[in-house]
Amino acid sequence: MSRISKLFSRAIDIFRLCYPGLFGHRYEAAERAMVAIFQMGKVASSTIYATLRAQPQFSVFQFHRARGKNLENFLANPLSRENVRYSAIPHELIGWLAGRKMKSSEGPLYIITTIREPVSRNISAYFQNRSRFLGIEDKIKESTIEKARRTFINHYPHSVPLLWFEEEFRPVTGVDVYRYNFDVDKKYSIIEEGRTRILIMHHDLADDGKLAALNALLGTDISSLVIANEANNKSYADLYSRFGEEAKLPLELVLELLNSHYAKHFFSRQKRFEIASYWSETPVALECLQPQNPGD
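The sequence shown begins at 6 in the working numbering and counts up by one.
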């Protein structure tokens, strides 16, 4: 989806949330069951969003946080340009409005959260926001793997995925996902609390698995996914690809991420060992990865 198309789509969502009857039945957000695709960034959920937007019985919204810092800073001082990334405000406004609707609505609520192992998720988010870490965007091609690696290690906030469920998800939904077991073999699980049904699934779940998970959550019979590929940003695609092939990270950082409560809950010990072995600059023993549970 192009930047213009994405901005237009977000504008439509903002109006749907503010004025649910404005666009008539086709865009009605008051009558239909709400589906919130509520997840951290860089977990590949565009196809899920496109698939569910094609289902007329649901009102679907996609967001990462219920109220971000850019929106808060803007509302505190609309005339100031400091500490405000204006391009993020439409998405954060959708999250704020959708979060309020989730809390106030009385009908069934479906939440879909896609998850990704924290090492590759953080690397992807780092490159998405590369200009804040690597300098002026038009000089990105001059960056080296070593510079990108060093900046990622020292400056990226690595705790973002580790704390997302506590800091973003639970305050809005009231659900502590860590109270529920996650099926690491099936790669998805469904949580039910009151009127809320929550699907949590791995971002790399095969398409047939995603369909099975969506249909199990929603009680639908969706037969195929609407593929919505993320547009590759050519200014950093080559460096990102080479980083994934060549860069290695300190074992201490890798273990900090993969032995986190988040990683241990959603990924098996063997999977985390494979990830650690790929990214660590020094050899890793299986014993370095803490068990997921006593029987792991």
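Glycine residues also receive a C-beta, built at the ideal position from the N, C-alpha and C atoms.
Rounded to the nearest whole angstrom, the CA to CA distance from V289 to L114 is 43 angstroms. Around the beta carbon of L222, a 10 Å sphere encloses 16 or more other beta carbons of the protein chains shown; the residue is thus reported as buried. Using a Cβ-Cβ distance cut-off of 8 angstroms, the segment 121 to 134 and the segment 240 to 257 are in contact, since at least three pairs of beta carbons, one from each stretch, lie closer than that value. In the three-state reduction of the DSSP assignment, Q67 falls in the strand class. Counting only unbroken stretches of 3 or more residues, the beta strand (DSSP E) elements lying wholly within the segment 147 to 210 are 193 to 198, 201 to 207, in sequence order. Our two residues, Q295 and T56, have alpha carbons roughly 37 angstroms apart in a direct line. Looking from the CA of S229, the closest CA among A59, I17, R70 belongs to A59.
The C-alpha of G104 is placed about 12 angstroms away from the C-alpha of C23. Contact annotation: the segment 166 to 186 does not touch the segment 147 to 158, with fewer than three C-beta pairs closer than 8 angstroms. Within the model, the alpha-carbon separation for L254 versus K276 is close to 17 angstroms.
Counting along the chain, I128 sits inside the alpha helix (DSSP H) bounded by residues 123 to 133.
Y54 carries a helical assignment under DSSP once its states are collapsed to helix, strand and coil.
Comparing alpha-carbon positions, the option among D181, K106, V182, L168 lying closest to A41 turns out to be K106. Under a 10 Å Cβ-count criterion, D18 is classified as buried, with 16 or more other Cβ atoms of the shown protein chains found around its own Cβ.
Under the three-state reduction of DSSP output, F43 falls in the strand class. Collapsing the DSSP output to three states places L254 in a strand. The beta carbon of P166 lies closer than 7 angstroms to those of M45, P123, R126, N127, Y267 in the same chain, with the five residues before and after it left out. The alpha-carbon of E257 is positioned some 15 angstroms away from that of Y161.
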